Amino acid sequence: MPLRREREGRLLGGVLAGISTKTGVDVTALRVALVVLTLLSTGLGAAAYVLAWLLLPITGDSANIASRAVTDRRGIGIVALIASMLGVLLVVASVLDAGWLNAVAWPMIISVCGMVLIWRNADPDEQAVLHRMAGPVFTPETAGAKERLWLRVLITAVLIGLGLSVLVTGRHDTDLLPPLGGILLILAGTAVALGPWWLRIARDLGAERQARIRAEERADMAARVHDSVLQTLALIQRRAAEPQQVIQLARSQERELRAWLFDDQAPGTIKGEGVTLAAGIRKIQQDVESQHRIAVDAVTVGDCELDEDLEATLAAAREATINAAKWSGSDTVSLFAEVEPESVSIFVRDRGRGFDPDAVSADRKGLAESVRARMTRRGGLATIRSAPGKGTEVTLTMPRSPVADQSPRRT
Amino acid sequence: MSVPSPAVDTAKPRVFLVDDHAMFRSGVTSELAGHVQVVGEADDVQPAIAAITESVPDVVLLDVHLPGGGGQAVVAAIKAELPDVRFLALSASDAPEDVIAVIRAGARGYVTKTISGPDLIDAVQRVAAGDAVFSPRLAGFVLDAFAATPAASSDRPSFDPELDQLTTREREVLRLIARGYTYKEIAKELFISVKTVESHVSSVLRKLQLSTRHQLTRWAAERRLT
Numbered sequence: 001m002p003l004r005r006e007r008e009g010r011l012l013g014g015v016l017a018g019i020s021t022k023t024g025v026d027v028t029a030l031r032v033a034l035v036v037l038t039l040l041s042t043g044l045g046a047a048a049y050v051l052a053w054l055l056l057p058i059t060g061d062s063a064n065i066a067s068r069a070v071t072d073r074r075g076i077g078i079v080a081l082i083a084s085m086l087g088v089l090l091v092v093a094s095v096l097d098a099g100w101l102n103a104v105a106w107p108m109i110i111s112v113c114g115m116v117l118i119w120r121n122a123d124p125d126e127q128a129v130l131h132r133m134a135g136p137v138f139t140p141e142t143a144g145a146k147e148r149l150w151l152r153v154l155i156t157a158v159l160i161g162l163g164l165s166v167l168v169t170g171r172h173d174t175d176l177l178p179p180l181g182g183i184l185l186i187l188a189g190t191a192v193a194l195g196p197w198w199l200r201i202a203r204d205l206g207a208e209r210q211a212r213i214r215a216e217e218r219a220d221m222a223a224r225v226h227d228s229v230l231q232t233l234a235l236i237q238r239r240a241a242e243p244q245q246v247i248q249l250a251r252s253q254e255r256e257l258r259a260w261l262f263d264d265q266a267p268g269t270i271k272g273e274g275v276t277l278a279a280g281i282r283k284i285q286q287d288v289e290s291q292h293r294i295a296v297d298a299v300t301v302g303d304c305e306l307d308e309d310l311e312a313t314l315a316a317a318r319e320a321t322i323n324a325a326k327w328s329g330s331d332t333v334s335l336f337a338e339v340e341p342e343s344v345s346i347f348v349r350d351r352g353r354g355f356d357p358d359a360v361s362a363d364r365k366g367l368a369e370s371v372r373a374r375m376t377r378r379g380g381l382a383t384i385r386s387a388p389g390k391g392t393e394v395t396l397t398m399p400r401s402p403v404a405d406q407s408p409r410r411t
Numbered sequence: 412m413s414v415p416s417p418a419v420d421t422a423k424p425r426v427f428l429v430d431d432h433a434m435f436r437s438g439v440t441s442e443l444a445g446h447v448q449v450v451g452e453a454d455d456v457q458p459a460i461a462a463i464t465e466s467v468p469d470v471v472l473l474d475v476h477l478p479g480g481g482g483q484a485v486v487a488a489i490k491a492e493l494p495d496v497r498f499l500a501l502s503a504s505d506a507p508e509d510v511i512a513v514i515r516a517g518a519r520g521y522v523t524k525t526i527s528g529p530d531l532i533d534a535v536q537r538v539a540a541g542d543a544v545f546s547p548r549l550a551g552f553v554l555d556a557f558a559a560t561p562a563a564s565s566d567r568p569s570f571d572p573e574l575d576q577l578t579t580r581e582r583e584v585l586r587l588i589a590r591g592y593t594y595k596e597i598a599k600e601l602f603i604s605v606k607t608v609e610s611h612v613s614s615v616l617r618k619l620q621l622s623t624r625h626q627l628t629r630w631a632a633e634r635r636l637t
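Chains A and B, in that order, are what the protein sequence lines are. For what it's worth, the numbering used here labels the leading residue of the first sequence as 1, then goes sequentially. For what it's worth, the numbering used here labels the leading residue of the second sequence as 412, then goes sequentially.
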């Protein structure tokens with residue numbers, strides 16, 4: 001699986017969280033390492049981070065921010081302006097004979113330019129996070145905080161001013177104490193200025209994570225209700241003329257709902273039906289053939305144990321198969337699953353009437369939510385190939401997680 | 412691949428039907444009517460061998476499971492005397508070990524009993540013309556059988572490594588068959604001619620029949636356990 005920025009557990013862009021999931025190194029250790037590296041390298045670490053933020057796609061997305069930024073003319077204009085300040089800084093540095101400024105200028109400019117592009121081109125979800133983090137700096141929360149803000153600015157100015165003056169005068173001394181004192185004063189100033197903001201970020205981050213988890217749970221729940229209850233209701237409407245069928249459908253739905261509400265066994269999950277992928281595919285075949293009048297031609301190559309990712313993949317495959325059974329008008333659906341060492345692929349194909357994938361409105365559940373979103377939430381991929389009169393093929397690919405990697409049971 | 416002998420009328424092949432269910436035989440006969448000439452029927456291994464030797468059909472539709480033994484017994488007995496008779500295996504159970512056994516005995520293809528009438532006619536004509544017929548499921552079995560470990564297993568070096576491995580293209584073709592594509596659709600998908608698709612499939616069939624691959628013989632037995 002390629003390196004991705006991780007949504008879950010990110011602090012800023014999720015670069016380190018991504019590296020952590022990829023390599024298994026603790027994310028806090030990585031963060032400490034990056035901060036130390038940044039301090040030692042006069043900011044290069046931060047610049048590298050910002051570049052990674054720009055270039056690595058986030059989980060569930062294949063495009064990175066940079067690919068969107070190249071079309072952002074205004075953003076590029078701003079970046080050019082900021083970059084021109086680099087020249088000014090370098091001139092100042094050479095005049096003052098301050099080599100350290102020279103060293104700091106490059107990473108700083110790269111970071112600032114990168115952040116401008118990220119700020120302008122990140123996807124809406126990421127932008128919301130950025131806004132929430134940056135918000136407190138520009139807009140104090142309450143009126144009473146206004147005086148305190150002034151006080152903070154004043155203290156900061158004094159501390160940084162003191163620190164700078166000590167630094168500048170201290171540079172001619174051979175004594176090491178004054179420069180260190182100067183740096184400490186500057187750090188203290190920064191802490192006073194930004195301290196409340198840091199606290200706020202830490203607090204918000206927890207809240208934001210919880211909100212995201214809740215939203216995902218909701219989406220998951222909606223998908224399950226759609227797969228089970230809504231599907232059955234649709235079937236009942238179509239079979240209204242056949243009381244026996246309707247009773248049977250209602251009964252099985254009742255059983256399923258009870259199992260979900262009282263035994264914590266979610267509908268649509270293949271769990272308990274057999275622990276391998278091939279068993280799951282067989283189950284889909286049986287269920288779809290018994291509920292819809294369609295033949296499912298199921299073929300599996302290789303087999304492996306199920307983990308949560310593969311359960312989601314099976315649920316998506318079930319949904320795609322049911323979709324074909326309901327809408328294609330074809331009398332056969334081909335269901336092909338292949339287990340490979342790195343990934344599992346499932347193909348659902350019919351030769352039915354097909355549709356124009358671009359013409360389906362985004363709010364329609366079915367393929368969009370149940371299949372595609374389900375796959376991307378788990379780091380997989382769903383592609384849908386269809387054209388009117390040409391049939392439909394849904395391709396699901398899920399990378400196999402190294403944790404659940406039992407050697408495929410082929411012989 | 413052998414060229415059909417001049418006597419064979421590929422438009423209306425002469426077909427012999429071997430299946431122990433009379434209902435199924437009459438169903439198939441009526442489905443095939445008009446497109447092929449059904450020259451005889453049998454319900455078990457021994458009667459089938461006798462009747463086929465006598466009528467010498469172009470294609471034998473052969474149930475994999477027969478009361479008096481597997482369908483491969485019929486293939487083996489006929490192949491020795493009448494190498495031009497071609498076999499198309501039919502099965503309802505789809506146990507891979509049985510299917511692979513019949514193919515390795517010499518059948519030119521395998522389809523499930525749920526196959527539609529037109530598809531069955533198409534399959535019979537293909538086999539009569541000397542081509543191989545792969546159902547999605549057979550493609551899956553073959554991919555599975557050849558997939559596992561690297562071909563040249565250390566415990567039994569093979570005589571002909573060529574036979575023990577599928578080429579990338581053959582794999583692609585088999586995958587598309589398993590996904591439900593017809594030969595024509597495969598040709599379009601891979602930008603090759605239908606003839607090329609057919610030759611890939613025939614080559615896979617040849618490998619399946621001739622490979623001494625340790626894996627293939629052991630594979631069926633192990634599948635049964637899982």
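Just so you know, even glycine gets a beta-carbon here, dropped at the ideal spot from N, CA and C. None of these values were measured; they are calculated from a predicted model.
Output the residue ranges of the alpha helix (DSSP H) runs that lie fully inside the region 36-85 of chain A and measure 4 residues or longer, sorted by chain position.
44-55, 65-69
State buried or exposed for residue 244(A), treating a residue as buried only when at least 16 other CB atoms are found within 10 Å of its CB.
exposed
Rounding to the nearest angstrom, what Cα-Cα distance links residue 314(A) and residue 301(A) in this structure?
15 Å
Pair every Cβ in the region 148-166 of chain A with every Cβ in the region 79-89 of chain A, then say whether three or more of these pairs are closer than 8 Å.
no
Comparing C-alpha positions only, which one of 545(B), 434(B), 620(B) sits nearest to residue 587(B)?
If we check each option's Cα against that of residue 587(B), 545(B) comes out closest.
Would you say the region 524-533 of chain B touches the region 488-498 of chain B, given that touching needs at least three Cβ pairs under 8 Å?
no
Does the Cβ of residue 404(A) have 16 or more other Cβ atoms within 10 Å, making it buried, or fewer, making it exposed?
Caution is warranted here: a pLDDT of 44 is assigned to residue 404(A), below 50, making its placement in the model unreliable, and the coordinate value is therefore given only provisionally. Classification of residue 404(A): exposed, given that the 10 Å Cβ count is below 16.
When you compare the CB positions of residue 372(A) and residue 382(A), do they come within less than 8 Å of one another, or not?
yes
Give me the DSSP bridge partner(s) of residue 111(A).
Residue 111(A) pairs with nothing; no bridge assigned.
How many angstroms separate the CA atom of residue 71(A) from the CA atom of residue 291(A)?
Inter-residue distance for residue 71(A) and residue 291(A) is about 49 Å (C-alpha atoms, whole angstroms).
In chain A, which residues lie less than 8 Å from residue 482(B) when you measure between Cβ atoms?
Those within 8 Å of residue 482(B) in chain A number zero; the least Cβ separation is about 21 Å.
Counting contacts by CB-CB distance shorter than 8 Å, is residue 579(B) in contact with chain A?
No, its Cβ sits nowhere closer than 8 Å to a Cβ of chain A.
Give the secondary structure of residue 452(B) by DSSP, where H, G and I count as helix, E and B as strand, and everything else as coil.
strand
By DSSP, does residue 562(B) sit in helix, in strand, or in coil?
With a pLDDT of only 43 at residue 562(B), under 50, the local geometry of the prediction cannot be trusted, and no value is derived from it.
Can you tell me whether residue 355(A) is helix, strand or coil according to DSSP?
DSSP places residue 355(A) in coil when its eight states are reduced to three.
Throw me the rounded Cβ distance for the residue 498(B) and residue 517(B) pair, which I believe falls under 8 Å.
6 Å
Keeping to the same chain, check which residues put their C-beta closer than 6 Å to that of residue 320(A); ignore five residues upstream and five downstream.
348, 371, 394
Counting only Cβ pairs nearer than 8 Å, list the residues of chain B close to residue 349(A).
590, 591, 592
For residue 350(A), which beta-bridge partners are listed by DSSP?
333(A), 392(A)
Within 8 Å (strictly less), CB to CB, does residue 273(A) reach chain B?
Residue placement at residue 273(A) is poorly supported in this model, since its pLDDT is 49, which falls under 50; the coordinates are not used for a value here.
Provide the residue span of the beta strand (DSSP E) that contains residue 386(A), from first to last.
381-386
Could you check where the beta strand (DSSP E) with residue 498(B) kicks off and where it finishes?
497-502
According to DSSP, what are the bridge partners of residue 594(B)?
The partner list for residue 594(B) (beta bridge, DSSP) is empty, contrary to what the question assumes.
Would residue 501(B) and residue 473(B) qualify as a contact pair, given that the criterion is a beta-carbon distance under 8 Å?
yes
Against chain B, with Cβ distances strictly below 8 Å, would residue 336(A) count as a contact?
Residue-level contact check: residue 336(A) touches chain B, since one or more beta carbons of chain B fall below 8 Å from its beta carbon.
Mind checking the region 496-530 of chain B against chain A and listing, in chain order, the residues whose C-beta falls within less than 7 Å of any C-beta there?
525
What do you get for residue 40(A), buried or exposed, if any count of 16 or more other CB atoms within 10 angstroms of its CB means buried?
Residue burial is scored here from C-beta neighbours: residue 40(A) has fewer than 16 other C-beta atoms within 10 angstroms and is therefore classed as exposed.
Excluding five sequence neighbours on each side, which residues of the same chain lie with their C-beta closer than 7 Å to the C-beta of residue 275(A)?
305, 306.
By DSSP, does residue 120(A) sit in helix, in strand, or in coil?
helix
Would a check of beta-carbon distances place residue 550(B) closer than 8 Å to chain A?
Judged by the 8 Å Cβ criterion, residue 550(B) is in contact with chain A.
Below 8 Å between beta carbons is the criterion; list the residues of the region 441-471 of chain B that meet it against any residue of chain A, in chain order.
From the region 441-471 of chain B, no residue has a Cβ closer than 8 Å to chain A.
I'd like the list of long-range same chain contacts for residue 538(B), defined as Cβ closer than 6 Å, with 5 residues on each side in sequence excluded.
470, 497, 499, 519, 520, 544
Distance cutoff 8 Å, beta carbons only. Does residue 494(B) sit that close to anything in chain A?
Taking Cβ atoms only, chain A never reaches closer than 8 Å to residue 494(B), which makes this a no.
Mind checking residue 237(A): buried by the 16 CB within 10 Å criterion, or exposed?
Residue 237(A) should be labelled exposed.
Closer than 8 Å by beta-carbon distance: list the chain B residues that pair up with residue 295(A), in chain order.
What residue 295(A) touches in chain B: 525.
According to DSSP, residue 425(A) sits in a beta bridge with which residue or residues?
Here chain A comprises residues numbered 1 to 411, so residue 425(A) is not present and cannot be evaluated.
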